[in-house]
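Residue numbering for the sequence shown follows the working numbering, beginning at 5 and increasing consecutively. Backbone N, C-alpha and C fix where the C-beta goes; we use that ideal spot for every residue, glycine too. For clarity, every value in this text was computed on a predicted model and none was experimentally measured.
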Amino acid sequence: MFDSSFKPVLRFMVCSDVHYKDEPTIERERMKHAIEKCYELSEKDDYKKLDAIYVVGDFANSGSPAQMKAFKQTLDDNLKDETLAIVSIASHEFGYDSIEGARNRLKEIFGLEPNTHEVINGFHFISVSCSRRCYFDEPEREFASKALKEAVADDRKKPIFFFQHPHISDTVYGSINWGEDDLNPILFNYPQIIDFSGHSHAPINDPRSIHQKHITSLGTGTLSYFENDEFDKYYGTLFPGKELASQMYLVEADADGRVRIYPYDLITDNFFPFVWKIDTPWDPKSFIYTDERYKTTEAPWFDDNAKITVKDIASDGFTVVFDQAKVKSEYVNDYNVYVMRDDGTVAALKNLWSEYYFYNMPETLSVSFDSLEKGEYHVEIYAGSFWKTRSEKPLVSEKIIL
């Protein structure tokens, strides 16, 4: 639940990458559920309002009239009058015909301009749509610059909530492959910006989905399907169960300009077990979600009673089932599973995620190997953290004979 000691004067929801299709799909149900859940959770708090919903692009899969009208219908059917809804457009909305066509539909169907600057309960909200694919050209840069100057002139210490579809490059998880830097020279002048961006479909409960350096950046996940941003996994960046993705943020601010960000899982209807706290957004020296996190020496470990089982042994392979490792904070990120020959050389390696992106993480994982030659083997498994540390001691199997 919300932090009961925090007294908000503002609450809003953020999501992105919903990907409505022409025909009804699960994404429509998830968006409806997200809105309903926001109101339900708000009603249980002393501050009962949901002031706004921001959808940070790719709400439609191609931007067709049918998709945009369906999304607007979901908003109309489920939002209360108290809640402002702002949606931005990007690469997927441009897919139906043209950028101009997408902007016209945004105006005709939603009554919105591509770029908006709102003041809600005294806080500035700036949303900028892409001008082509996922880029920002001079009109968008001029709009952002003007709006930010107005916001900071109003109050230099209040957070400024900024919304764009692509991540800012080299910030949050997913931003290396799905980031742009067109707005950087403007945004980085304003450390009080809290920037929300999508595009990557990376899970919001990944601790790297918040990043602080020049400003605060957050990735907004997806209500459609996950994609991760590490390319060493044996199944690629799109993994088994990727379609079980429905995440959002609920964000609060108090009268002192402090901010609390709550990642929420809509598949299981649970808050993830941590809250991101930003007490002085205007002061970069106070930032705690920085690259300093990569300097940790803490690493995952396997309990003494952790089990590893080899089953389904065939002439050229087998399946390994193993208990998840432990970690002091957050989650284990991934595992290197080595098949070792009896002479100490590597016969095969598969790297896989811990499935931390699911609220109900499995207690065990499994991975199969084939195309092995006859011989004697054993398996060694190392657990990895989000911060590039690995377990010192591996989990080791008994001897395997093929």
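Can you grab the Cα-Cα spacing for the pair residue i / residue j, in whole Å?
i	j	result
Glu117	Cys134	12 Å
Ile282	Phe166	15 Å
Phe362	Phe278	15 Å
Lys289	Phe98	40 Å
Glu44	Tyr360	26 Å
Ile93	His169	8 Å
Asn247	Lys378	Asn is not the amino acid found at residue 247; the sequence shown has Glu there. Using only the alpha carbons, I get a separation of about 38 Å.
Gly61	Phe16	16 Å
Tyr386	Ile208	25 Å
Glu396	Glu384	12 Å
Phe276	Ile265	11 Å
Gly178	Trp357	15 Å
Glu122	Asp260	19 Å
Asp338	Ile113	44 Å
Thr120	Leu152	12 Å
Pro163	Asp327	43 Å
Gln216	Trp280	12 Å
Lys161	Ile190	18 Å
Gly2	Ile103	Limits of the chain in this structure are 5 at one end and 406 at the other, which puts residue 2 out of reach.
Lys111	Leu88	16 Å
His37	Phe230	18 Å
Tyr100	Arg107	12 Å
Phe235	Asp199	26 Å
Asn274	Tyr268	6 Å
Tyr253	Ser370	31 Å
Val336	Asn232	15 Å
Pro244	Asp159	47 Å
Ser8	Glu334	22 Å
Measure how close the beta-carbons of residue i and residue j come, nearest whole angstrom, since I'm counting them as under 8 Å.
i	j	result
Asn340	Asn364	At roughly 24 Å, the Cβ-Cβ gap does not stay under 8 Å, so Asn340 and Asn364 are not in contact.
Ser250	Leu227	5 Å
Ala148	Ile172	That pair is no contact at about 12 Å.
Asp186	Arg145	7 Å
Ser372	Thr323	4 Å
Val156	Ser221	Between Ser221 and Val156 the Cβ distance is about 18 Å, and since that is not below 8 Å, they are no contact.
Val18	Thr224	5 Å
Trp182	Arg297	Going by Cβ atoms, the distance from Trp182 to Arg297 rounds to 21 Å, so no, they are not a contact pair.
Arg34	Leu270	6 Å
Asp21	His205	6 Å
Thr393	Thr300	6 Å
Val314	Thr368	Actually they do not touch by this definition, with Cβ atoms about 13 Å apart.
Whose C-beta lies closer than 7 Å to the C-beta of residue i among residues of the same chain, with five residues either side of it excluded?
i	result
Phe125	Phe is not the amino acid found at residue 125; the sequence shown has Asn there. For Asn125, where only same-chain residues beyond five positions count, the Cβ hits under 7 Å are Val13, Leu14 and Asp55.
Gln71	Tyr24, Lys25, Asp26, Ala64 and Asn65
Arg32	Tyr24, Ala74 and Thr78
Thr272	Tyr363 and Asn364
Ala351	Val343, Met344, Arg345, Leu376 and Tyr381
Pro69	Arg109
Just to confirm the assignment, what range does the beta strand (DSSP E) spanning residue i have?
i	result
Ser221	Thr220 to Gly223
Asp269	Val263 to Asp269
Trp445	Here the chain has residues from 5 to 406 only, and residue 445 is not among them.
Ile130	Phe127 to Ser131
Glu256	Gln251 to Asp258
Quick one: give me the first and last residue of the alpha helix (DSSP H) that residue i is part of.
i	result
Arg15	Arg15 -> not in any alpha helix (DSSP H); beta strand (DSSP E) instead, spanning Pro12 to Cys19.
Asp158	Glu142 to Asp158
Glu117	First-last for Glu117: undefined, no H or E at that position.
Gly385	Per the sequence shown, the amino acid found at residue 385 is Ile instead of Gly. Per DSSP, Ile385 belongs to no alpha helix (DSSP H); it is in the beta strand (DSSP E), Glu380 to Gly388.
Ile317	Neither: Ile317 is in no alpha helix (DSSP H) and is coded neither H nor E.
Glu396	Note, Glu396: premise wrong, no alpha helix (DSSP H); not H, not E.
Arg136	It is not in any alpha helix (DSSP H) - Arg136 carries neither H nor E in the DSSP assignment.
Ile104	Going by the sequence as given, residue 104 is Glu instead of Ile. It spans Ile103 to Arg109 - the alpha helix (DSSP H) in which Glu104 sits, taken as one unbroken run.
Once you ignore the five residues that flank residue i on each side, which residues in its own chain have a CB closer than 6 Å to its CB?
i	result
Phe306	Ala329 and Leu399
Tyr238	Lys354
Tyr58	Val18, Ile90 and Phe167
Ala310	Asp327 and Leu399
Ser95	Arg137 and Cys138
Phe291	Gln216
Gly321	Phe373, Asp374 and Leu376
Under 8 Å Cβ to Cβ from residue i, same chain only, skipping five residues before and after it: list those, please.
i	result
Phe140	Val132, Cys134, Ala148, Gln168, Glu184, Asp186 and Leu187
Glu86	Lys53, Leu54 and Asp55
Lys332	Glu302
Tyr51	Lys11, Pro12, Val13, Arg15 and Glu256
Ile317	Ile404 and Leu406
Asp287	Pro195
Ser46	Arg15, Lys52, Lys53 and Leu54
Query raised in the report: Curious, which full-length alpha helix (DSSP H) runs of at least 4 residues does the stretch 27 to 100 contain?
Result: 30 to 47 and 69 to 82
Query raised in the report: Residue ranges of each alpha helix (DSSP H) run of no fewer than 4 residues wholly in the stretch 321 to 378, ordered along the chain?
Result: none
Query raised in the report: Mind pulling the alpha helix (DSSP H) runs of 4 or more residues that sit fully within the stretch 158 to 214?
Result: 179 to 182 and 188 to 191
Query raised in the report: Which runs of the beta strand (DSSP E) spanning at least 3 residues fall entirely within the stretch 288 to 315, listed in chain order?
Result: 312 to 315
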